[in-house]
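Novice: Sharing a structure below in structure tokens format, with a few things to ask.
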Amino acid sequence: MSLENPLQNMTVLYVEDEKEVQKFVVPFLAKRVKTLWMADNGEQGLEIYEKRRPDIVVTDLKMPGMDGIRLAKTIRAEDPEIPIALMAAYGDEHQLFAAIDARIDAFVKKPVKINELLRTVEGLAKQITYERSRRNVQAKMAQHYLAIEEEALLIYIDKEARIRKINEKMALRLNYALDLLVGELFESLLFKDHRINGYRPLFDAIAKGESWHGEVHLISQFDMELIFKATLIPLYDTERPDYQFMMLLEEITELVNYRRLLKNELDETQNTLQEKIHFLEQYQNAINEGTAICRFLEDGTILKTDQRFDKIFGFSRNELVRRSFYQLCPNVQERLEHLVKESVGKRQVLRKRIRCVDKGEAIHVTDSVFIPIYKINGEIEEIISIHNDITDIIKLGEEIQNTQKELLYILGEVAESRSRETGHHVKRVAEYSRLLAQLAGLPEEEVELLAIAAPMHDVGKIAIPDEILLKPGELTPEEFEIMKRHAVIGGELFSHSDLPFMKAARIVALEHHENFNGSGYPYGKRGEDIHIFGRIVALADVFDALSMDRAYKKRWSDEEIVEYMRLQRGLKFDPRLTDLFLSHVNFFFDIRDTIGE
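Be aware that the sequence shown starts at 330, since it is given in this note's numbering, and climbs by one per residue.
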């Protein structure tokens, strides 16, 4: 709404029984307001008011039937806030107290001077415009506050470092009742095993009324250490020279503990593998520095971004304003815009992990929340998006997974090197297993998991004595019983971890010598009681063993291998997997020949 031309947005009801005055006033007033409704008497004016609900009422005092005072009182009973102007002639002073009682907002003398009438109505319009703007700002601020209260973890602290308030979400996380901590020193929440001196900058900021950003270790009611990224924001009181603080927190307990656990596990790894895990030092600060905020219109036009948002995406201050937010997410632009509009229509908050690009076209992954903000009349005002950049954490996960793969390959190679087989054997078995799993229709994540775990099938051989493992001829029945233990030993090596790839490695180590007809070892499982991973690796392992020279045998011809596989269909090998292998056997030969000895 424009303060310079407030009338153009107003609807006005004009009640006047004198036709000559109507002819004089209506043309001037009608072209200056949004809509003008005309009534010839009080009864008609009240009927129009009931139907149209104008912004302003201008009424004559003296009219037959319902006069202006009665009209004003009746309207006031329904809407105490609507501005009403009363037109009265000299000599009507005796009506002054009745007009005051009717809470008339303005008076216009009769005979009417058009400039005076326009100034009066324009003044009322300015009051309405100001009041609407004030209420709209208050409503938006309330929605902003409620959005933060709902989504964030918050603690309010006074300048004495005492807790004034804790929001429900934070109280729940700490397992405290809402009011239990009010009045307590913030220091009482700090985890005692953490160095208290490390918080000196925080308490200095509180004493000086300044902002602060860092990491805090808090203690729950059940004595658990909880770790948060924290931002301290001063909130000044305009009514008195005082201030308090809002502490905005983001929990990172699991990430920090996982980082600690990973470091402890990797510190125990053999020295010969240290070069594979030195990347850990480079990721000690992988957790991002905080959330970033962007405000934009429903069509995506950016209104404002905060400093963290600009920093993440590589733009200078205000450089993003008036651009489209959705252009930052080109791969999901149309889909994301649809989801945001859908959440706006349903008046819901949207939570979504998205991929965006920065100014240099680098990809960022963010966990994002989109919160619609509405005007009083229910129209959408803007959308606040809160983003947590997890790009470094995603990269860390990928690095960890790649290192885990390498460690498994190395362990598999160690096992194979003891039995005079090449490390290429475990790589070939991994690729055969990947191809056969794809042909069998396994989900992509299971295909990848099996490819990582397959090299571990014979890892238990590291515990088999050399005189048996390296024997060039056939084993005696007693020696073969000892050799068979490698399956159980391999399974035991991976039995103490809940990580998916460790579970998969345990399966292939235990079950790759089980036969489909139940004649295998170590448990004599049969059919589909054998895990699909075990059935796949069993076929891949035998195919590679027949295809290569060994200390105890020469390699078989391709024709001999195909015939053996066909004969073992339903006996040693899963019939369906055997059919898939035989119908695509040339692809398996290609893998063998590409990787070679």
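The beta-carbon is built from N, C-alpha and C at its ideal position, and this holds for glycine as well.
If you count every other CB in all the chains shown that lies within 10 Å of the CB of H815, and 16 or more means buried, which is it?
Specialist: What you label residue 815 is simply residue 486 of the sequence shown in a count that begins at 1. Result: buried.
Novice: Are the region 797 to 804 and the region 768 to 779 in contact at 8 Å, needing three or more beta carbon pairs?
Specialist: A contact between stretches requires three or more CB pairs, one per stretch, nearer than 8 Å, and the region 797 to 804 fails this requirement with the region 768 to 779.
Novice: Verify whether the separation of the beta carbon atoms of E627 and I709 is less than 8 Å.
Specialist: The residue given as residue 627 occupies position 298 in the sequence shown. The residue given as residue 709 occupies position 380 in the sequence shown. A contact, by the Cβ cut-off of 8 Å.
Novice: May I have the straight-line CA-CA distance separating N706 from L400, to the nearest angstrom?
Specialist: As a first step, residue 706 is located in the sequence shown; it is residue number 377 there, counting from the start. As a first step, residue 400 is located in the sequence shown; it is residue number 71 there, counting from the start. If you take the alpha carbons of N706 and L400, they lie about 27 Å apart.
Novice: Taking buried to mean at least 16 other C-beta atoms within 10 Å of its own C-beta, is K348 buried or exposed?
Specialist: Numbered from its first residue, the sequence shown carries residue 348 at position 19. Exposed: under 16 other Cβ atoms inside 10 Å.
Novice: For the pair the region 352 to 360 and the region 479 to 493, tell me if three or more CB-CB distances fall below 8 Å.
Specialist: no
Novice: Would you tell me roughly how many angstroms separate the C-alpha atoms of A427 and E407, rounded to the nearest one?
Specialist: Residue 427 sits at position 98 when you count from the first residue of the sequence shown. Residue 407 sits at position 78 when you count from the first residue of the sequence shown. Cα-Cα distance, rounded: 18 Å.
Novice: Can you name, in chain order, every residue of its own chain whose Cβ lies under 6 Å from the Cβ of R680, other than the five neighbours on each side?
Specialist: Residue numbering aside, residue 680 sits at position 351 when the sequence shown is read from its first letter. Closer than 6 Å at Cβ, skipping near neighbours: V698.
Novice: I562 bridges to which residues according to DSSP?
Specialist: Locating residue 562 in the sequence shown gives position 233, counting from the first residue. Answer is M575.
Novice: If we count the other Cβ atoms within 10 Å of its Cβ and call it buried at 16 or more, is P393 buried or exposed?
Specialist: Against the sequence shown, residue 393 aligns to sequence position 64. So P393 counts as exposed.
Novice: In this structure, does DSSP put R898 in helix, strand or coil?
Specialist: Looking up residue 898 in the sequence shown gives position 569. Residue state, collapsed to three classes: strand.
Novice: Just to confirm before moving on: does the CB-CB distance between Q578 and I484 stay below 8 Å?
Specialist: In the sequence shown, counting from the first residue as 1, residue 578 sits at position 249. In the sequence shown, counting from the first residue as 1, residue 484 sits at position 155. Before going on, a small fix: residue 578 reads as Leu here, not Gln. Cβ atoms of L578 and I484: closer than 8 Å.
Novice: Examine the Cβ distances between the region 361 to 374 and the region 410 to 419 and report whether three or more of them are shorter than 8 Å.
Specialist: no
Novice: If contacts are defined as beta-carbon pairs under 8 Å, then F823 and M831 qualify, I think. What distance do you get, rounded to the angstrom?
Specialist: Taking the first residue of the sequence shown as 1, we reach residue 823 at position 494. Taking the first residue of the sequence shown as 1, we reach residue 831 at position 502. With a Cβ gap of about 5 Å, F823 and M831 count as contacting.
Novice: Count the other CB atoms, across all protein chains shown, that sit within 10 Å of the CB of F551; report buried if there are 16 or more and exposed otherwise.
Specialist: As a working note, residue 551 is residue 222 in the sequence shown. The residue in question, F551, is exposed, as its Cβ has fewer than 16 Cβ neighbours within 10 Å.
Novice: Return the chain-ordered list of same chain residues with a C-beta closer than 6 Å to the C-beta of N617, the five sequence neighbours on each side being excluded.
Specialist: Numbered from its first residue, the sequence shown carries residue 617 at position 288. Here the model assigns N617 a pLDDT of 36, short of 50, so the residue's position is not dependable and the matter cannot be decided.
Novice: Excluding five sequence neighbours on each side, which residues of the same chain lie with their C-beta closer than 6 Å to the C-beta of M416?
Specialist: For the purposes of this step, residue 416 is taken as residue 87 along the sequence shown, with counting starting at 1. The beta carbon of M416 sits closer than 6 Å to those of D389, V437 and K439, all from its chain and outside the five residues before and after it, given in chain order.
Novice: Give me the residue from V450, G452 and K402 with the minimum Cα distance to I429.
Specialist: Within the sequence shown, numbered from 1, the residue matching residue 429 stands at position 100. Among V450, G452 and K402, the Cα nearest to that of I429 is on K402.
Novice: Under three-state DSSP, which class holds H841?
Specialist: By 1-based counting over the sequence shown, the position of residue 841 is 512. Residue state, collapsed to three classes: coil.
Novice: Look up G820 in the DSSP assignment and give the residues it is bridged to.
Specialist: Position 491 of the sequence shown, counted from the first residue, corresponds to residue 820. In DSSP, G820 forms no bridge with anything.
Novice: Measuring straight from C-alpha to C-alpha, what distance separates Y703 and D396?
Specialist: Within the sequence shown, the letter at position 374 stands for residue 703. Within the sequence shown, the letter at position 67 stands for residue 396. One Cα belongs to Y703, the other to D396, and the distance between them is close to 40 Å.
Novice: Please classify Y459 as buried or exposed, where buried requires at least 16 other C-beta atoms within 10 Å of its C-beta.
Specialist: Along the sequence shown, read from residue 1 onward, the residue named residue 459 stands at position 130. Y459 should be labelled exposed.
Novice: Does S876 come out as helix, strand or coil in the three-state DSSP assignment?
Specialist: Counting from 1 along the sequence shown, the entry for residue 876 is found at position 547. Of the three classes helix, strand and coil, the one that applies to S876 here is helix, per DSSP.
Novice: Which term fits V341, buried or exposed, when burial requires 16 or more other beta carbons within 10 angstroms of its beta carbon?
Specialist: The sequence position of residue 341 within the sequence shown is 12, counting from 1. The residue is buried, with at least 16 neighbouring Cβ atoms inside 10 Å.
Novice: With T388 as the anchor, note down where its beta strand (DSSP E) starts and where it stops.
Specialist: By 1-based counting over the sequence shown, the position of residue 388 is 59. First-last of the beta strand (DSSP E) with T388: I385 to D389.
Novice: Does the Cβ-Cβ distance between D696 and G643 come in under 8 Å?
Specialist: Residue mapping note: residue 696 aligns to position 367 of the sequence shown, counting from 1. Residue mapping note: residue 643 aligns to position 314 of the sequence shown, counting from 1. No.
Novice: State the DSSP-derived secondary structure class of S645, mapped to helix, strand or coil.
Specialist: Taking the sequence shown and counting its residues from 1, the one referred to as residue 645 is at position 316. Reduced to three states, the DSSP call for S645 is coil.
Novice: Just how far apart, CA to CA, sit I404 and L453?
Specialist: For the purposes of this step, residue 404 is identified with residue 75 of the sequence shown, where counting begins at 1. For the purposes of this step, residue 453 is identified with residue 124 of the sequence shown, where counting begins at 1. The straight-line gap from Cα to Cα measures roughly 17 Å.
Novice: Is the region 903 to 921 in contact with the region 871 to 878, if contact means three or more CB pairs nearer than 8 Å?
Specialist: yes
Novice: Since P293 is in the alpha helix (DSSP H), which residue starts that stretch and which ends it?
Specialist: In the structure as shown, the chain begins at 330 and stops at 926. Residue 293 is therefore absent and cannot be evaluated.
Novice: Indicate whether S714 and C623 have their beta-carbon atoms separated by less than 8 Å.
Specialist: Position 385 of the sequence shown holds residue 714. Position 294 of the sequence shown holds residue 623. In this structure, C623 lies closer than 8 Å to S714 by Cβ.
Novice: In angstroms, rounded to a whole number, what distance separates the CA positions of N614 and V545?
Specialist: Position 285 of the sequence shown holds residue 614. Position 216 of the sequence shown holds residue 545. At N614 the pLDDT is 36, less than 50, meaning the model places this residue with poor confidence; the figure from the coordinates comes in the next sentence. Approximately 15 Å between the Cα atoms of the pair.
Novice: Quick check on this structure: which residue in G527, D533 and I556 has the alpha carbon closest to the alpha carbon of M499?
Specialist: Numbered from 1 along the sequence shown, position 170 holds the residue referred to as residue 499. Nearest C-alpha to M499: I556.
Novice: In whole angstroms, give me the CA-to-CA distance for D508 and K494.
Specialist: Mapped onto the sequence shown, residue 508 falls at position 179. Mapped onto the sequence shown, residue 494 falls at position 165. Straight-line Cα distance between these residues: approximately 8 Å.
Novice: Tell me which same chain residues have a C-beta within less than 6 Å of the C-beta of K633, skipping the five on either side of it?
Specialist: Reading the sequence shown from its first residue, position 304 is the one you call residue 633. Listed in chain order, the non-local C-beta contacts of K633 below 6 Å within the same chain comprise R624, local neighbours out to five positions each way being set aside.
Novice: Answer with buried or exposed for I385, where buried requires no fewer than 16 other C-beta atoms within 10 angstroms of its C-beta.
Specialist: Counting from 1 along the sequence shown, the entry for residue 385 is found at position 56. Counting Cβ neighbours within 10 Å, I385 comes out buried, since at least 16 surround it.
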